[in-house]
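Trainee: So that we are looking at the same thing, I have put the structure below in structure tokens.
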Amino acid sequence: VQRPEWAPEGIDLTRPSVARAYDYWLGGSHNFAVDREFARKIIEMMPDVRLMARANRAFLHRAVWFMLGSGIRQFLDIGSGIPTVGNVHEIGQEADPEARVVYVDIDPIAVAHSEQILVGNDRATVIEEDLRHPEAILGHPRTRALLDIQQPIGLLLVSVLHAIPDSDDPVGLVRRLCAALQPGSYVAISHVTADSRPAEMSQAQQLSRQTTTPGTVRSKGQVEQFFSGLELVEPGVVWSPQWRPESPDDVGEHPERMGFYVGVGRKA
Amino acid sequence: VTGQPGSGTADQLSDFARTWAGTLRRASLAPMRAARSERTVTYLAQRLVAALSAEPFDASAGYRIGTELVDNGFASPESLGRTITLINSRLTTDLRLPADGETTGRLSALVESLAEGFAAAVHDRSLDAQDEVRVAALTAQARAERDLRETQARLQYLATHDPLTGLPNRVLLIEQVSAALRAAPAGRVGLVCLDLDRFATINTSLGHRVGDRLLLAVANRLRGLATACGLQVARLDRDEFVLLMTGTSGAEDVIKVADRALCRLAEPFHIDGLELPVTASAGLVEQPVAAGDGPELLRAALTALHWAQARGTGHWRLFERERSTADIQRYRLSAAMPGALRRGEFTLAYQPLVDLADRRLVGVEALARWHHPEHGMLTADRFIGLAAATGLLGTLDRHLLRLACEQGARWQRWPDAPYVSVNLAAPRLHDPGLVGDIAQTLDQSGLDPRRLQLEITEHDTIGTDRDTVATLEALAGLGVRIAIDDFGTGYANLACLHALPLHELKLAASFAQHPPDRPAAATDAFLAGVVSLGHTLGLTVLAEGIETEAQARRLHAAGCHSGQGWHFGLPAPAEDITPLVRAGTP
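So the protein lines, in turn, are chains R and F.
When we follow the numbering used here, the leftmost residue of the first sequence carries the number 82, and every step to the right adds one.
When we follow the numbering used here, the leftmost residue of the second sequence carries the number 290, and every step to the right adds one.
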């Protein structure tokens, strides 16, 4: 029997969540033993996974700063996960108290947690939705209440598209999201790859199968496809530390070891 | 510039702070903008240096600096390690502080305190975070459970309500009957089952949208009535609605409700600017309930509804158990007929037809019998009507005709073999394949057509249409005898009788009896008149229902050629008749 679409999912606390493992790698304590067990297995394989997580997080911040600098004042952060220090609304509202942020996540715990953090903040909200339903995200009453879709928006797809298998047509999902955006909108994407460290990455991918969101690694060419129809902002799709670093020292000697391709596109 | 011991210049301090900030930023797991981290760290460095030379000295300043490092996001293990190294290796030299024992002692006390403050803050932060994520998990869990309950409630609602009108459906209605029973174990309940007359016509001629809106309007009227009378209302299928009444005291209660409901529904409906006159029929049941009676009660109401509908539109009928039992038995019999045909449960019994002058066997009437495995031998009156109603009549008739012809052919080898007289059910006369069927059966069995007689009931033939006359003529053309059965029980269209290709009149059994309240002479004269009518038409006349020798004589005296009845023999299996055929006499 097929579950009706409106029937609720249960909360499964026996399976690790990549979002909470990511929080652990970033030094956070918003995680459970099952998450830490998974996170430590990855650390055993790739001791620098914490640096990879940090570099990815740092890209998110730089991308948001870049968009703020380009006049963007409203953000749609899909796959926002467990809120950690330096969330998009904190960065955005530090720059402009009127900046608005809608967080979207599929994980009910991440959503509940985000709600706690956002209590009293009427310019940031969170909705429980799936990236596979772009129209539901854009049409959600809370999205519509907070974001003016007639104005440019900063769409953040950071560390989320690798949770969408090819069978769910991730390129098509990005295209559908972008179709709803006004010219002048920006899209930031970061994505796991096995182009460098293929052995470790494919092992990590195997391990991710036990989590609630198994991952798919993609090549640089495949990541670039997500930007088709958009103007790629300089320097294009690059390793995470290479995208507009604050200082050349931040890049490090082996940016390719950070395992993420990142890029920002602009809707013309 | 020579700095005072314990107080470096602003430049020296900011150099140190910049180095510290850079180190922390790289060691931190949560990214932070360079400018912001420098601002924060410069402030902390200023307080550290101030604490070093403060009088009186207070090491707890270091504790607060450690705490604030964590609060500002520098919470990674590396942040502490590198901070300690940096302070120990660079602070005194960068700020040109005296390397005396006092300063060294103060510095190590401050670092110790800073490490304690850092660790305590990290610990608190972890505990807080653990609380937060647990609360989030609990919230999510509670929400999922609430959603599940809502889903279940919604599924439950969908399973128990009609989506169009929102009224309870059959499932909930039966549950309500059970609930009524639980509330009053010895109580009575009543159901009024309503069905709109000719609703299908509204759907087909005005469209389903109008049909649906009419159903909604009907539901609303019934809802209003239910509220006013303290009833419950449900929708079963399409245009079937049910009113449930609990705590009734007799049939009058439901009859009153049915009257009111039919009146309410008879007021015209206005849908889409159309005035729709509607009538409804109702089936009623009112009785004490027992556990599990819900479905039974509903079936009773629906049965009564079918009785009401059979009478026309706008009627109600109250359920009666006896009538229903007879209905059910008839239905079971008719449902068993196809299987019985396949299993050969239908056979024939034969009753002698005897010449009244010499008492020789001239013919036999073949009578249908059903050897029912449960009910035993059933006579034709129990099942011929059912066969006609279920469309099995043709099949059954062909089967029986074949049996009769085959048996007749077996008797043919004796001289003066009897003809076999077979009843032909009235609807078969309109079957265009009838003549072909009979010709084929005669052919296959080898029976001489003159030894087959078909009996047709008087009111089925007389005054009939041209097709029937043609059919009879075709049958007569085959050489088959045709008899009018039960003559005298209908009102014969005598004008037509002479035009039909007939061979025999079978006088109904009532002619054999002597009505006790009438003079014998008058009866005999009447009988003679009827018989002579047969003679006038050139037909032989057979008297049915002869039970005594006296009757046999009387009917012979009246001019009847032959007779049939208990006096000459009961219907019997073929093997019991064969000796009579051989002997030529019963």
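The C-beta atom is built at its ideal place from N, Cα and C for all residues, glycine as well.
I want to know whether the stretch 428-442 of chain F touches the stretch 127-140 of chain R - three or more CB-CB distances under 8 Å.
Mentor: Touching, no, given that fewer than three Cβ pairs across the two stretches are closer than 8 Å.
Trainee: Is it true that the CB of S98/R sits closer than 8 Å to the CB of S415/F?
Mentor: Their beta carbons are not under 8 Å apart, which means S415/F does not touch S98/R by this criterion.
Trainee: Could you tell me which residues DSSP pairs with I881/F in its beta bridges?
Mentor: In this structure chain F extends from 290 to 875, so residue 881/F is not present and cannot be described.
Trainee: With a threshold of 8 Å, are at least 3 pairs of Cβ atoms found where one atom belongs to the stretch 248-256 of chain R and the other to the stretch 312-327 of chain R?
Mentor: With the cut-off at 8 Å, the stretch 248-256 of chain R and the stretch 312-327 of chain R do not touch.
Trainee: For T746/F and A788/F, which I take to be in contact (beta-carbon distance under 8 Å), what is that distance rounded to the nearest angstrom?
Mentor: In fact, because the Cβ distance is near 18 Å, the residues do not count as touching under 8 Å.
Trainee: Which residue marks the beginning of the alpha helix (DSSP H) containing F119/R, and which one marks its end?
Mentor: Segment 114-126, the alpha helix (DSSP H) holding F119/R.
Trainee: Determine whether the Cβ of V424/F lies closer than 8 Å to any Cβ atom of chain R.
Mentor: It does: the Cβ of V424/F has a partner Cβ on chain R nearer than 8 Å.
Trainee: By DSSP's criteria, T577/F is part of a beta bridge. Which residues make up the other side?
Mentor: Here residue 577/F is Pro; the residue named in the question, Thr, does not match the sequence. According to DSSP, which records beta bridges pairwise, P577/F is partnered with R477/F.
Trainee: Let's test the definition: count the other Cβ atoms within 10 Å of the Cβ of A666/F and tell me whether it reaches 16, buried, or not, exposed.
Mentor: Just to set this straight, residue 666/F is Met in the shown sequence, not Ala. The residue in question, M666/F, is exposed, as its Cβ has fewer than 16 Cβ neighbours within 10 Å.
Trainee: Does the beta carbon of Q174/R come closer than 8 Å to any beta carbon on chain F?
Mentor: So no, Q174/R is outside the interface.
Trainee: From the DSSP output, read off the bridge partner residues of A832/F.
Mentor: According to DSSP, A832/F bridges with L796/F, G852/F.
Trainee: Is P279/R close to chain F? Criterion is C-beta to C-beta, closer than 8 Å.
Mentor: Chain F, which has no Cβ nearer than 8 Å to the Cβ of P279/R, makes this no.
Trainee: What separation, rounded to the nearest whole angstrom, lies between the Cα atoms of S467/F and A676/F?
Mentor: Straight-line Cα distance between these residues: approximately 39 Å.
Trainee: When Cβ atoms are compared, which residues of the stretch 308-339 of chain R fall closer than 9 Å to chain F?
Mentor: So the list reads E327, S328, D330, D331, given in the order they occur along the chain.
Trainee: Between Q306/R and the ligand ATP, is the CB less than 7 Å from at least one heavy atom?
Mentor: In the structure on display, the ligand ATP does not appear, and there are no ligands present to speak of.
Trainee: Kindly indicate if chain R contains any beta-carbon less than 8 Å away from that of A442/F.
Mentor: Cβ-Cβ to chain R under 8 Å: no for A442/F.
Trainee: For E421/F, return the contacting residues in chain R, with the cut-off set at a CB-CB distance below 9 Å.
Mentor: Ordered by position in chain R, the residues that pass the 9 Å Cβ test against E421/F are S110, H111, H194, Q197, I198.
Trainee: Any chance the stretch 856-870 of chain F sits against the stretch 694-706 of chain F, with 3 or more Cβ pairs inside 8 Å?
Mentor: Result yes; three or more Cβ-Cβ pairs closer than 8 Å.
Trainee: Using a beta-carbon distance below 8 Å, is T428/F in contact with chain R?
Mentor: True, the Cβ-Cβ gap to chain R drops below 8 Å.
Trainee: Mind checking if R269/F is an interface residue toward chain R, Cβ cutoff 8 Å exclusive?
Mentor: Outside the modelled stretch of chain F, which goes from 290 to 875, sits residue 269/F, for which no answer is possible.
Trainee: Is there contact here, the stretch 556-563 of chain F with the stretch 515-530 of chain F, by at least three beta-carbon pairs under 8 Å?
Mentor: The stretch 556-563 of chain F is not in contact with the stretch 515-530 of chain F.
Trainee: When the Cα of D104/R is compared with those of D93/R, L212/R, I92/R, R121/R, which residue comes out closest?
Mentor: It is R121/R whose Cα lies nearest to the Cα of D104/R.
Trainee: If we define contact as Cβ-Cβ less than 8 Å, is L94/R a contact residue for chain F?
Mentor: True, the Cβ-Cβ gap to chain F drops below 8 Å.
Trainee: For the stretch 261-268 of chain R and the stretch 334-348 of chain R, state whether three or more C-beta atom pairs, one from each stretch, are separated by less than 8 Å.
Mentor: Contact between the stretch 261-268 of chain R and the stretch 334-348 of chain R is present, because at least three Cβ pairs lie under 8 Å.
Trainee: So with Cβ pairs under 8 Å, would you call R316/F a contact of chain R?
Mentor: In the sequence under discussion, the amino acid at residue 316/F is Ala, which differs from the Arg named in the question. Not an interface residue.
Trainee: Suppose the cutoff is 7 Å on Cβ atoms and the five residues either side in sequence are ignored; what does the same chain contact list for E405/F look like?
Mentor: So the list reads Y352, G355, once near-sequence residues are dropped.
Trainee: Taking 8 Å as the CB-CB cut-off, is P189/R touching chain F?
Mentor: Answer yes: the Cβ-Cβ gap between P189/R and chain F drops below 8 Å somewhere.
Trainee: Is the Cβ-Cβ distance between G858/F and A801/F less than 8 Å?
Mentor: Their beta carbons are not under 8 Å apart, which means G858/F does not touch A801/F by this criterion.
Trainee: Return the residue from the list F635/F, T684/F, Q640/F, V400/F that minimises the CA-CA distance to P662/F.
Mentor: Taking only the C-alpha atoms, the option nearest P662/F is F635/F.
Trainee: Mind checking who G344/R pairs with in its DSSP beta bridge?
Mentor: G344/R pairs with I270/R.
Trainee: Cβ closer than 8 Å: which chain R residues qualify as neighbours of S365/F?
Mentor: Under the 8 Å cutoff, chain R gives G108.
Trainee: Let me check one thing: in DSSP terms, what residues is L227/R bridge-paired to?
Mentor: DSSP lists no partner for L227/R.
Trainee: When the cut-off is 8 Å and only beta carbons count, does P294/F lie next to chain R?
Mentor: Confidence at P294/F is low in this model, with a pLDDT of 43, below 50, so the placement of that residue should be treated as unreliable; the coordinate-derived value is given next. Chain R contact via Cβ: absent.
Trainee: Are the stretch 340-351 of chain F and the stretch 395-405 of chain F touching by the rule of at least three beta carbon pairs closer than 8 Å?
Mentor: With the cut-off at 8 Å, the stretch 340-351 of chain F and the stretch 395-405 of chain F touch.
Trainee: Only counting the same chain, and skipping five residues up and downstream in sequence, which positions put a Cβ closer than 7 Å to that of A310/F?
Mentor: Here the set comprises S326, E327, V330.
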